[in-house]
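Position one of the sequence shown corresponds to residue 1 (the UniProt record's numbering), numbered consecutively onward.
Here a beta-carbon is modelled for each residue, glycine too, at the ideal position from N, C-alpha and C.
Below is one structure, written out as structure tokens, with a few remarks after it.
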Amino acid sequence: MPQATARHILVPTEDQCKQLKADIEGGADFAAVARQHSQCPSRQDGGNLGSFGRGQMVPEFDAVVFSAPVGVVQGPVKTQFGYHLVEVTSRQD
């Protein structure tokens, strides 16, 4: 079964998500941005979600994690929780 590890940043608006992505692409540290801005409890660990299998996350999130290149920040990804920036840190298919 495919497994992935990922980290994310969850914010309430698409505009904020886009701004944080620009900050990260401009050199800001993903984990530091997650600790400061994310609304998910994973913020305490820099947005790290650990390891999980296909189907364990909401469909929109799952689709990105199991298709995006490793190490490239994706988003905004809209789910029922808000807007996410997602970075796949590893994946085994």
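{"Query": "Alpha carbon of V88 to alpha carbon of A4, nearest angstrom", "Result": "7 Å"}
{"Query": "Straight-line gap, G53 to K78 (C-alpha atoms, nearest Å)", "Result": "20 Å"}
{"Query": "F66, DSSP secondary structure in three states", "Result": "coil"}
{"Query": "Nearest-angstrom Cα separation, counted from Q92 out to D29", "Result": "25 Å"}
{"Query": "Sub-8 Å separation of A22 and V65 beta-carbons", "Result": "no"}
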